[in-house]
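Taking the numbering used here, the leading residue of the sequence shown gets 1, the next gets one more, and so forth. Positions of the beta carbon are idealized from the N, C-alpha and C atoms, including for glycine. Let me begin by presenting the structure, written as structure tokens, before commenting on it.
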Amino acid sequence: MARAVDTITATEVFRDGDTIVSSGGSFEMGFFSPGNSKNRYVGIWYKKISVPTNVWVANREAPLTNTSGVLKIIQPGILVLLNESNAVIWSANTSSAVKTPVAQLLDSGNLVVKDANDDDPKNFLWQSFDHPTDTLLPGMKLGWNYAAHMEFYLSSWKSYDDPASGDFTYHCDPTGYPQNVLRKGREKRYSTGPWNGLTFSGLPGLKKNNPVFKFGLVMNKTEVYYHYELLNRSVISRFTLSQSGVGQRWTWNDETQSWRIYLTAPTDNCDFYNLCGSYGVCNTAVCDCLNKFVAKDEESWDRGIWSSGCVRRTPLNCRNDGFLKYSGIKLPDTEHSWYNQSINVGECRELCLKNCSCTAYTIVDVNAGGHTCLLWFGDLVDIKELSGDGQYIYIRMASSELSSGGRRKKVLIVVMTLATMLVLLCLSLILYFQRRKKTNLLPREGGSLRREDLKDYDDEGHSKDLELPLFELSTISKATDNFSFNSKIGEGGFGPVYKGQLEEGQEIAVKRLSRTSLQGINEFKNEVICVAKLQHRNLVKLLGCCISGEEYLLIYEYMPNRSLDLILFDPLKSKLLDWPKRFDIINGIARGLLYLHQDSRLRIIHRDLKASNILLDSDMNPKIADFGLARSFGGNETGANTSRVVGTYGYMSPEYAVDGLFSVKSDVFSFGVLVLEIVSGRRNRGFSHRDHYLNLLGHAWMLYKEGKALELIESYPIKPDFLSEVLRSIHVGLLCVQQSPEDRPTMASVVLMLGNEGELPQPKKPGFFTEREITDTESISSSNALYSTNEMSITLLKPR
């Protein structure tokens, strides 16, 4: 008969069906079978939550094949697990012998073997916290105990059905200077960067003052380890290493009765170890060389193969070298580093300068009150660009790459100042006469746009002219054959679009503001200001604009394959898009959107992301276009509300369409619709099926719930090698179109989810599950908003 006990003594036998409950009732221990497995394991799980969640497994490498296993204590105080043949298949070995050994489950989730007569709460013969599996609980250590020659690290499960050690491990690696490292086998896959006294260099978002837990790194002669403690005992939180090699911080939500991901590591593609090679720096999954470094293999670098890394523009000399300061980056991998905790920055610099093998130095622990000198030897790898200042580092450079001092420097400053003043005077005169000459071309009546309206603002709020060419109307008219019908290649909410060719041979696309357009001067100005300084391979490039009388023109680089919708939804042309190309397009759009949301100078919400606003270059690379309806934000702003609802029905998120609330999550919803359209080759708007009246989102959701997600694909064949990518893309698309914006992932998470095989959360029901939830007539009466039925972007004031 099953029973619940609080301890196991030397006279008791713990059988399958029995449980041990911790004194506070937080954890429970017993026999279990994971997933669909019939094997039996001894494990520990949370007692007070509704979702079964295992945190430790004893016999993960030696499962029981039936329910006849028993757990007991044998002399001299060893906890053992016996199978039906009475053979020991697992044991908690202890080095000391005691007369009254007991096994007890503590309320921290720690299973301990101790002397029942010993009142010291920390004196254990053995504890499960010294033998973690895939979960790090509060109070556990991740690192090394040098005195005991023991390492405490996480190892993933093989699968949901098999808790045996998988391919991935997560360590606090003290080699060189401590950092947390994720490995697949022996291969390093991710590094947090070195500990800087407050956090890890590569995890600037992990702050000491976070509301969930406090954490730290302990370093002394006998041990080095990372640990964390919860700030509120009522909070349930754990860190796990998934089967696919993703570190995940989970927090239990009582309201939804589910686990919510607090953070993940790796976070994005730039977190993959050494993506850009030596001296390469990653920004939004795109690599560049550090300043004063150049690509080692330019041909490979231009093709997006960055593993060869970068080299110094000027080779080192050793005797005449100096150091150049870099900031705003994740500190390089510290495997080949050395540190000293008792010298200052000046002594640290001299120490590195005297050793020709020393390539960089910095001071860490400054904010924590320390001054640890950290030196690197060999090439610097695994560098990532960070928002904010980041940790600084001094990298060894040839003296010719450094600014010289003394009298030569002063003379140079004087000469340059005089030359600059002369050049500025000349430029001022030229600009003055040019402005007088062109003033007559600019409309001045109320509500119209003037050249001086096209201002941008730097971070200090000072206005400055955009560095954007202003084309003459005659030039554009000639390039488009006077805007002839034969030159017209499309039309959108802004107006018609023409193909043209400049005299030097460059092909261009010209958007011409229509007098009947629902968009106007504001959208024109918005697009000029938003796009002018955006630089990303997945954003369309604005070449210039033209303002003359009532003519407002935007001039773009020409995209030979035009817009995605013209190919994706055409039965014949869509055959050009096999799955690898479709997946490349999905990833390209995701990276472009991540740049807008996170890495551009101002956070930009597009508000009209759709297939017709994705342009394709000659190699079918996607570029996000049409920023007339975009909104930009500064600082930590992520959204707003408006009475001016704009966009295209079929792509608009529920909270925006109904309540005028828009945010980065509105763009995520639109992206999710795009993903499902790209996978299926069908439009969300106007989708029909013989068996139901669901739209594309509802159809995809229904198939996913029934385990038939691959039936979403009808128009093109899929090779077996790509099936996992297809299923993953559908899963990510459904996560993006969830009803609640809080449930949708950020684009940083989306890029990460698409780029690796990490575990994905289960999606909830999508927004606008069926067409009948908002129809063209219902939208007028219920939400006072109209939506385009032909995929032209529209604008309408919405009473509030």
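If you check the CB distance, Tyr716 and Asp619 do not come in under 8 Å. Taking the CA atoms as reference points, Ile678 sits about 27 Å from Cys287. According to the DSSP assignment, Lys511 belongs to the beta strand (DSSP E) that extends over Glu507 to Arg512. Residue pairing for Cys736: DSSP places it in no beta bridge. Straight-line spacing of the CA atoms in Ala479 and Gly490 works out to 17 Å. Per DSSP, Ala625 is not a residue of any alpha helix (DSSP H), being assigned neither H nor E. Each residue's CA atom was taken as its position, placing Asp721 and Pro580 some 11 Å apart. Judged by beta-carbon spacing, Gly304 lies beyond the 8 Å limit of His336, meaning their Cβ atoms are not closer than that value. In the pairwise beta carbon analysis, the segment 248 to 262 is classified as not touching the segment 175 to 185: fewer than three pairs are separated by under 8 Å. Contact between Gly143 and Val224 holds, with the beta-carbon distance rounding to 5 Å and staying under 8 Å. In the DSSP assignment, Tyr41 forms a beta bridge with Phe32. Cβ contact annotation for Val5 (same chain, cutoff 6 Å, sequence separation greater than five): Ile20, in chain order. Rounded to whole angstroms, the gap between the alpha carbons of Lys292 and Lys188 is 28 Å.
Taking C-alpha positions only, Gly193 is separated from Tyr170 by approximately 14 Å.
Around the beta carbon of Phe152, a 10 Å sphere encloses 16 or more other beta carbons of the protein chains shown; the residue is thus reported as buried. Shown here, Arg396 sits in a strand according to DSSP, grouped into three states.
For Asp173, no alpha helix (DSSP H) segment is defined; the enclosing uninterrupted segment is the beta strand (DSSP E) at Asp162 to Asp173.
When C-beta atoms of the segment 723 to 732 are compared with those of the segment 563 to 573, fewer than three pairs fall below 8 Å, so the two segments do not count as touching.
Where Lys292 is concerned, there is no enclosing beta strand (DSSP E), because DSSP gives it neither an H nor an E. As the crow flies, the alpha-carbon of Leu71 is around 11 Å from that of Ala58. Distance from the CA of Phe215 to the CA of Leu203, rounded to the nearest whole angstrom, comes to 13 Å. Taking 4 residues as the shortest admissible run, the segment 669 to 718 contains the following complete alpha helix (DSSP H) segments, listed from N- to C-terminal end: 696 to 705. With at least 16 other beta carbons inside 10 angstroms of its own, Ile73 counts as buried. In this structure, the CA atom of Lys384 is about 44 Å from the CA atom of Leu125. Per DSSP, reduced to three states, the secondary structure at Ile20 is strand. The Cβ atoms of Thr746 and Val673 lie no closer than 8 Å to each other.
Annotation for Tyr146: no alpha helix (DSSP H) segment contains it, and DSSP assigns it neither H nor E.
In the three-state reduction of the DSSP assignment, Trp338 falls in the strand class, which pools E and B. Secondary structure note for Asp659: its alpha helix (DSSP H) is the uninterrupted segment Pro654 to Asp659. Rounded to whole angstroms, the gap between the alpha carbons of Gln104 and Ala116 is 10 Å. Non-local C-beta neighbours of Trp338 in its own chain, meaning closer than 6 Å and more than five positions away in sequence, comprise Leu375, ordered along the chain.
Secondary structure at Gly193: strand, using DSSP grouped into helix, strand and coil. Taking the Cα positions, Ser159 is about 19 Å away from Thr264. Contact between Arg607 and Ala590 does not hold, since the beta-carbon distance rounds to 17 Å and is not under 8 Å. Each residue's CA atom was taken as its position, placing Thr475 and His699 some 50 Å apart.
In the structure shown, the three-state DSSP call for Asn283 is strand.
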